[in-house]
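Novice:
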Amino acid sequence: MRRPLTVVQLLPALSSGGVERSTIEISAALVAAGHRAIVVSAGGRLEPALRATGAEHVTLDIGAKRPWVLCHVSALRRLFADVDIVHARSRVPAWLGWLALRRMPAATRPHFVTTMHGLNSPSRYSAIMARGERVICVSNTVRDYLLRHYPRTDPTCLRVIPRGIDPAQFPPAPQPDRAARERVASQHPALGGDGPLLLLPGRGTRLKGHGDALALLAALRADGLDARLWMPGAREAGREAYIAGLEREAEALGCAQALAITAPTSAIAQAYAASDLVLQLSCKPEAFGRTVVEALASARPVLGWAHGGAGELLAELQPDGAVAPFDSTALAQAARALLARPPVRAGTMPYTLRAMQDATLAVYDEFDDDN
């Protein structure tokens, strides 16, 4: 039996997002395995969820990009005195953790692990994420990116651990799921009708490909399909000008009446169930592609650009949904083909939360093996 470990995870805050979710998920796995989990961040709305796992939270604003953030190095060094592993998930916290560790005696110094959650711009500042004794990459896309931009990195230190979902939260839905569609239409009347519903979840930024989705909607409707498009998550505070621009674009394309741009939904599994085709059209390659995994687990086809982590997942799990980036004609052709094909049953999803948790704890165990 492995000895109990104390693992500290470092990140800027516990507000929202994939980094925060992964931190909480690994904390839960650590506590369940009999280890001690500590998270250092500025806190945020997800702090109660973290504490509910049995993990401890230390409030330090270690993500601030200000010179005074260096004052936290000494506090971190004191915290690390009784720690086995320091796991950094973001660049400023990683620098602070590394600075705290390097002044500690080698014999008692905790091991340093990093996770590259994104494709950050290559620089000396970003290079800290490649300095872990083990570097976790959330996809092969990230691993290749890291080795291309930081060629001095030892490949034997890299571990590819994709993000995972809880399959129970994304059960396969019947297709069509008329009850789910009716619920959505009751909330957003523009999404009613018998035609196909396209779903593009994502924040209100042009990087998510909302413009490409509008062009696709217009192309399908020009073919005579009564297609509708739902963009949950795009309407958020501070993005009013962006949303107004999308609405003008939809008017110009003649598809505004078939469009709903809404705030984030807390019932994303029901959104997948209501849809007929899920879109992943990020203009910039992403590190992973959680939408692809969630939608396929829900037995919904996915259509997206064949780049980044999403393209990697599509190539493996549903190749006919991967389209050469920014080829709008090919995108519309692929959409028609996916909408016309018979429903398929969801297969076994390899990218599960449990697999991600087990693989991460196995990385921590490697240091025990080294001793």
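Counting from 7, one number per residue, gives the positions in the sequence shown under the numbering used here.
C-beta: ideal position from N, C-alpha, C; glycine also.
Out of 300, 340, 190 and 365, point me to the one whose CA is closest to residue 176's CA.
Specialist: Position 170 of the sequence shown holds residue 176. Closest by alpha carbon: 300.
Novice: Let me know if residue 15 comes out buried or exposed under the rule of 16 or more other beta-carbons within 10 Å of its beta-carbon.
Specialist: To locate residue 15, count along the sequence shown from 1; it is residue 9. Residue 15 is buried by the Cβ-count criterion.
Novice: Are at least three pairs of beta-carbons, each pair with one atom in the stretch 201-220 and one in the stretch 245-263, less than 8 Å apart?
Specialist: As far as the Cβ criterion goes, the stretch 201-220 touches the stretch 245-263, which means the pair count is three or higher.
Novice: Tell me whether the stretch 92-111 and the stretch 59-76 touch, counting them as touching only if at least three CB pairs, one residue from each stretch, are closer than 8 Å.
Specialist: Output reads yes: the stretch 59-76 touches the stretch 92-111.
Novice: If you draw a straight line from the alpha carbon of residue 88 to that of residue 110, how long is it in whole angstroms?
Specialist: Reading the sequence shown from its first residue, position 82 is the one you call residue 88. Reading the sequence shown from its first residue, position 104 is the one you call residue 110. Using only the alpha carbons, I get a separation of about 12 Å.
Novice: Between which two residues does the beta strand (DSSP E) harbouring residue 120 extend?
Specialist: To locate residue 120, count along the sequence shown from 1; it is residue 114. Run containing residue 120: 117-122, per the beta strand (DSSP E) assignment.
Novice: Under 6 Å Cβ to Cβ from residue 373, same chain only, skipping five residues before and after it: list those, please.
Specialist: In the sequence shown, the residue the question calls residue 373 occupies position 367. Correct list, in chain order: 117.
Novice: Counting C-beta neighbours from all protein chains within 10 Å, is the total for residue 72 16 or more, i.e. buried, or is it exposed?
Specialist: Counting from 1 along the sequence shown, the entry for residue 72 is found at position 66. Exposed is the call here.
Novice: Please go through the stretch 326-367 and give each complete alpha helix (DSSP H) segment of 4 or more residues, from N-terminal end onward.
Specialist: The stretch 326-367 contains these whole alpha helix (DSSP H) runs: 334-346.
Novice: Let me know the alpha helix (DSSP H) ranges lying completely inside the stretch 208-264, each 4 residues or longer, listed in chain order.
Specialist: 216-228 and 246-259, all fully within the stretch 208-264.
Novice: Taking the C-alpha atoms as reference points, what is the distance between residue 7 and residue 371?
Specialist: Within the sequence shown, numbered from 1, the residue matching residue 7 stands at position 1. Within the sequence shown, numbered from 1, the residue matching residue 371 stands at position 365. For residue 7, the predicted model reports a pLDDT of 44, less than 50, meaning its position is unreliable; a value from the coordinates is still stated below. Near 11 Å, if we compare the C-alpha coordinates of residue 371 and residue 7.
Novice: Can you give me the C-alpha to C-alpha distance between residue 347 and residue 201, rounded to a whole angstrom?
Specialist: Translated into positions along the sequence shown, residue 347 becomes position 341. Translated into positions along the sequence shown, residue 201 becomes position 195. Rounded to the nearest angstrom, the two C-alpha atoms are 15 Å apart.
Novice: Do residue 298 and residue 319 have their CB atoms nearer than 8 Å?
Specialist: The sequence position of residue 298 within the sequence shown is 292, counting from 1. The sequence position of residue 319 within the sequence shown is 313, counting from 1. Closer than 8 Å, so yes.
Novice: Does the pairing of the stretch 329-339 with the stretch 150-160 give three or more beta-carbon distances under 8 Å?
Specialist: No, they do not touch.
Novice: From 99, 267 and 259, pick the residue whose C-alpha is nearest to that of residue 380; which is it?
Specialist: Because the chain here runs from 7 to 377, residue 380 falls outside it and cannot be looked at.
Novice: Specify the secondary structure class of residue 62 as computed by DSSP and reduced to three states.
Specialist: Position 56 of the sequence shown, counted from the first residue, corresponds to residue 62. In the structure shown, residue 62 sits in a strand (DSSP, three-state: E or B).
Novice: Nearest-angstrom Cα distance between residue 322 and residue 207?
Specialist: Working through the sequence shown from its first residue, we reach residue 322 at position 316. Working through the sequence shown from its first residue, we reach residue 207 at position 201. Approximately 21 Å, taken between the alpha carbons.
Novice: Tell me, please, which residues DSSP counts as bridged to residue 40.
Specialist: Within the sequence shown, numbered from 1, the residue matching residue 40 stands at position 34. Partner(s): none; residue 40 has no beta bridge.
Novice: Give me, in chain order, the residues of the same chain whose beta-carbon lies closer than 6 Å to that of residue 317; leave out the 5 immediate sequence neighbours on both sides.
Specialist: Position 311 of the sequence shown holds residue 317. Correct list, in chain order: 328.
Novice: Okay, do the stretch 165-173 and the stretch 186-205 touch, 3+ Cβ pairs below 8 Å being the bar?
Specialist: Touching, no, given that fewer than three Cβ pairs across the two stretches are closer than 8 Å.
Novice: Just checking my contact of residue 341 with residue 283 at CB under 8 Å: how many whole Å lie between their CB atoms?
Specialist: Position 335 of the sequence shown holds residue 341. Position 277 of the sequence shown holds residue 283. Right, their Cβ atoms sit about 6 Å apart.
Novice: Looking only at its own chain, which residues have a Cβ that is under 8 Å from the Cβ of residue 213, when we skip the five neighbours before and after it?
Specialist: In the sequence shown, residue 213 corresponds to position 207, counting from 1. Excluding residues within five positions, the ones whose Cβ falls inside 8 Å are 288, 289 and 290.
Novice: With residue 367 and residue 39 assumed to form a contact (beta carbons below 8 Å), what rounded beta-carbon distance in angstroms separates them?
Specialist: Sequence index remark: in the sequence shown, residue 367 carries index 361 (1-based). Sequence index remark: in the sequence shown, residue 39 carries index 33 (1-based). Between residue 39 and residue 367 the Cβ distance is about 6 Å, and since that is below 8 Å, they are a contact.
Novice: Only counting runs of 3 or more residues, tell me where the beta strand (DSSP E) segments fall wholly within the stretch 136-165, in order along the chain.
Specialist: As far as the stretch 136-165 is concerned, its whole beta strand (DSSP E) runs of at least 3 residues are 140-143.
Novice: Kindly list the residues whose CB is nearer than 6 Å to the CB of residue 36, restricted to its own chain and excluding five residues on each side of it in sequence; keep chain order.
Specialist: For this step, residue 36 is matched to residue 30 along the sequence shown. So the list reads 13 and 43, once near-sequence residues are dropped.
Novice: Can you list the beta strand (DSSP E) stretches of 3 or more residues lying completely in the stretch 7-37, in chain order?
Specialist: With a minimum length of 3 residues, the continuous beta strand (DSSP E) runs that stay inside the stretch 7-37 are 12-16.
Novice: Near residue 286, what residues of its chain come up, given a Cβ to Cβ distance below 7 Å and the 5 sequence neighbours on each side ignored?
Specialist: On the sequence shown, residue 286 is found 280 positions in, with the first residue counted as 1. Taken in chain order, the residues that qualify are 295, 297, 298, 308, 310 and 316.
Novice: Quick one: what does DSSP say residue 134 is sitting in, helix, strand or coil?
Specialist: Position 128 of the sequence shown holds residue 134. It is helical.
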